[in-house]
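One structure is given below, encoded as structure tokens.
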DNA sequence: GCTCCTTTGTTGGAATTCCAACATACAGTA
DNA sequence: TACTGTATGTTGGAATTCCAACAAAGGAGC
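Chains as they are written, first to last, in our numbering: chain G, 194 to 418; chain E, 194 to 418.
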């Protein structure tokens, strides 16, 4: 287990926990270590949603089958990443997704009830863990909300402007660098890359923005006299 | 304060808390009661994001100004509803939104640090409060994820099918009632109501679905021999 | 310099969506 | 019953988007 301490210490879930505390903590949480062979499942859809998973080595994929059985990959979780936390914390009775290990992997499974129940001995890092969990889910919440706001307009132009204004506010300035290339931005907004590229050209010609590569600048619309 | 106990007891944040515990709990949390006059702000954008708010009477609106100052209402929170929790729990330094009371309102403000720090006296309902908070945010998380999944396809038909298959899985059956009328569904998917209505007609003619009003049924695609 | 490869911009036709307007169906009420 | 208002379905033209294919602009490595 100690071999994975470095992974855990860099996992946001254990932020603020020291190496010394980690041992006590893991004992208190009574986690299971699962060695998953290549292709084998970690969770199966329909199982009780009780565990928060931490990837220690390898990778896991979160998998969803739709009503007709078509399978799609919702997420790939690298070492240090966590999965299943939203389902466990939301109190779902059964998992709506499966989790599989496409390569031989090691995961730590923490019983959510154990995590969320204060332990009998006053264990200060336990509170810390809960706070980290909450913070991670809340941050994801804000990310999802932002994405929905950017996807909601019906035209590509409006989607772009919504995204760019959002970035401008986040960077507190009209000039900023976005964390996407064109293809990734198009995927994020749910539009065609080529159409988006054309729309960016129009916005530039219209004098609303300047951009080169990932650097953007919003220009003030013409002030009315 | 006691006049608001019924509101609080029905607030998901205080689920599982008894009327007797409520008093002790509120004292422990040291919440502020704020009486907001009509049109007056509860939070201002840029303030530290430290409070979770609970609406006790009236309503509050969560307001966002974009980069150019255009204002939009993100949410209207009725009595018993909470607001600001995601910002506070995500650890944002400053609020990216404002909150105003469009009508005379009363809100309870809880310092998030106080909520998330275990109190010195072992206070069992404190843990309960944190779990409720976490559960609420996690559930919103799943809702947002679902919505993004339904909005992501590029065509109205695929959006509809994604939504309907999702509902079918949730109801664990091919027949189900959706919680939207046509206009609300179109807004949810981010498409035009008329175009969506037309697409529903095509899906019906293609033998993929049956529907009347809010009742839908997914039909099995023709089995291959 | 050169090639190879990736990223970004451009273009044209097909398909889709929007938009506004109207038709139909249905519930509630006088 | 007739009237009214709302929800839903339908239609046609304008506008937008998709899609595939190609052109242009860099960057890495030789």
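Note that beta-carbon positions come from the ideal geometry of N, C-alpha and C, so glycine has one too. Keep in mind the model is a prediction, meaning the values are calculated, not measured.
Item to check | chain E residues whose Cβ lies nearer than 8 angstroms to that of residue 324 of chain G | outcome: Here the question's residue 324 of chain G lines up with position 131 in the first chain. Per Cβ cutoff of 8 angstroms: 309.
Item to check | At least 3 beta-carbon pairs within less than 8 angstroms: the segment 301 to 311 of chain E vs the segment 244 to 256 of chain E | outcome: yes
Checklist entry - Which first and last residues belong to the beta strand (DSSP E) in which residue 269 of chain E is found? => result Here residue 269 of chain E is taken as the residue at index 76 of the second chain, counted from 1. Unbroken beta strand (DSSP E) run through residue 269 of chain E: 264 to 270.
Checklist entry - Which residues in chain E sit within 9 angstroms of residue 407 of chain G, going by Cβ to Cβ distance? => result As a working mapping, residue 407 of chain G is identified with position 214 in the first chain. The premise fails here: residue 407 of chain G is roughly 18 angstroms from chain E at the closest Cβ pair, so nothing lies under 9 angstroms.
Item to check | DSSP state of residue 404 of chain E mapped onto helix, strand, coil | outcome: On the second chain, residue 404 of chain E is found 211 positions in, with the first residue counted as 1. Strand.
Next on the checklist: Is it buried or exposed, residue 412 of chain E, if we count other Cβ atoms within 10 angstroms and call 16 or more buried?
Outcome noted: The count along the second chain starts at 1 and reaches residue 412 of chain E at position 219. Exposed, because fewer than 16 other Cβ atoms sit within 10 Å of the Cβ of residue 412 of chain E.
Item to check | Proximal residues to residue 214 of chain G (C-beta, below 7 angstroms), its chain only, five neighbours per side dropped | outcome: For the purposes of this step, residue 214 of chain G is taken as residue 21 along the first chain, with counting starting at 1. Once the five neighbours on either side are set aside, the close Cβ partners of residue 214 of chain G are 318.
Checklist entry - Using the beta-carbon count (16 or more within 10 Å), is residue 288 of chain E buried or exposed? => result Residue numbering aside, residue 288 of chain E sits at position 95 when the second chain is read from its first letter. By the 10 Å Cβ count, residue 288 of chain E comes out buried.
Next on the checklist: Assuming the contact rule is C-beta atoms closer than 8 angstroms, residue 301 of chain G and residue 237 of chain G should be a hit. Round their C-beta distance to whole Å, please.
Outcome noted: By one-based count along the first chain, residue 301 of chain G stands at place 108. By one-based count along the first chain, residue 237 of chain G stands at place 44. Between residue 237 of chain G and residue 301 of chain G the Cβ distance is about 18 angstroms, and since that is not below 8 angstroms, they are no contact.
Next on the checklist: Looking at the secondary structure, which residues open and close the beta strand (DSSP E) in which residue 246 of chain G lies?
Outcome noted: Against the first chain, residue 246 of chain G aligns to sequence position 53. 244 to 250 is the extent of the beta strand (DSSP E) around residue 246 of chain G.
Checklist entry - Relative to the alpha-carbon of residue 320 of chain E, which residue among E:216, E:209, E:225 has its alpha-carbon at the smallest distance? => result Here residue 320 of chain E refers to the residue found at position 127 when the second chain is read from its first residue. For residue 320 of chain E, the closest alpha carbon among the candidates E:216, E:209, E:225 is that of E:209.
Checklist entry - For residue 282 of chain E and chain G, any beta-carbon pair shorter than 8 angstroms? => result Position 89 of the second chain holds residue 282 of chain E. Chain G, which has a Cβ nearer than 8 angstroms to the Cβ of residue 282 of chain E, makes this yes.
Item to check | 8 angstroms Cβ cutoff met for residue 327 of chain G and residue 327 of chain E | outcome: For the purposes of this step, residue 327 of chain G is taken as residue 134 along the first chain, with counting starting at 1. For the purposes of this step, residue 327 of chain E is taken as residue 134 along the second chain, with counting starting at 1. For residue 327 of chain G and residue 327 of chain E, yes; Cβs fall inside 8 angstroms.
Checklist entry - Shorter than 8 angstroms from the beta carbon of residue 398 of chain G to some beta carbon of chain E? => result Counting from one through the first chain, the residue named residue 398 of chain G turns up at place 205. It does not: the Cβ of residue 398 of chain G has no partner Cβ on chain E nearer than 8 angstroms.
Next on the checklist: For residue 420 of chain E and residue 271 of chain E, I'd like the C-alpha separation in whole angstroms.
Outcome noted: Nothing about residue 420 of chain E can be reported from this structure: the residues present for chain E run from 194 to 418 only.
Item to check | Residues bridged to residue 258 of chain G (per DSSP) | outcome: Here residue 258 of chain G refers to the residue found at position 65 when the first chain is read from its first residue. Looking at the DSSP assignment, residue 258 of chain G forms a beta bridge with G:264.
Checklist entry - Under 8 angstroms between the Cβ atoms of residue 333 of chain G and residue 383 of chain E? => result Mapped onto the first chain, residue 333 of chain G falls at position 140. Mapped onto the second chain, residue 383 of chain E falls at position 190. No. Outside cutoff.
Checklist entry - Which ranges would you report for the alpha helix (DSSP H) in the segment 320 to 384 of chain E if only whole runs of at least 4 residues count? => result 349 to 364, 375 to 382
Next on the checklist: Taking the alpha-carbon of residue 393 of chain E as reference, which of E:380, E:381, E:409 has the nearest alpha-carbon?
Outcome noted: On the second chain, position 200 is the one that residue 393 of chain E refers to. Among E:380, E:381, E:409, the Cα nearest to that of residue 393 of chain E is on E:409.
Item to check | Within chain E, partners of residue 338 of chain G - CB distance below 7 angstroms | outcome: Translated into positions along the first chain, residue 338 of chain G becomes position 145. What residue 338 of chain G touches in chain E: 337.
Next on the checklist: Cβ closer than 8 angstroms: which chain E residues qualify as neighbours of residue 334 of chain G?
Outcome noted: Within the first chain, residue 334 of chain G is the residue found at index 141, counting from 1. The contacting residues are 279, 283, 330, 333, 334, 337.
Checklist entry - Which residues, in chain order, does the segment 350 to 372 of chain G contribute to contact with chain E at a C-beta distance below 7 angstroms? => result Within the segment 350 to 372 of chain G, 358, 361, 362 place their CB atoms closer than 7 angstroms to a CB of chain E, listed in sequence order.
Checklist entry - Is the beta carbon of residue 330 of chain E less than 8 angstroms from the beta carbon of residue 331 of chain G? => result Here the question's residue 330 of chain E lines up with position 137 in the second chain. Here the question's residue 331 of chain G lines up with position 138 in the first chain. Taking 8 angstroms as the Cβ cut-off, residue 330 of chain E and residue 331 of chain G qualify as a contacting pair.
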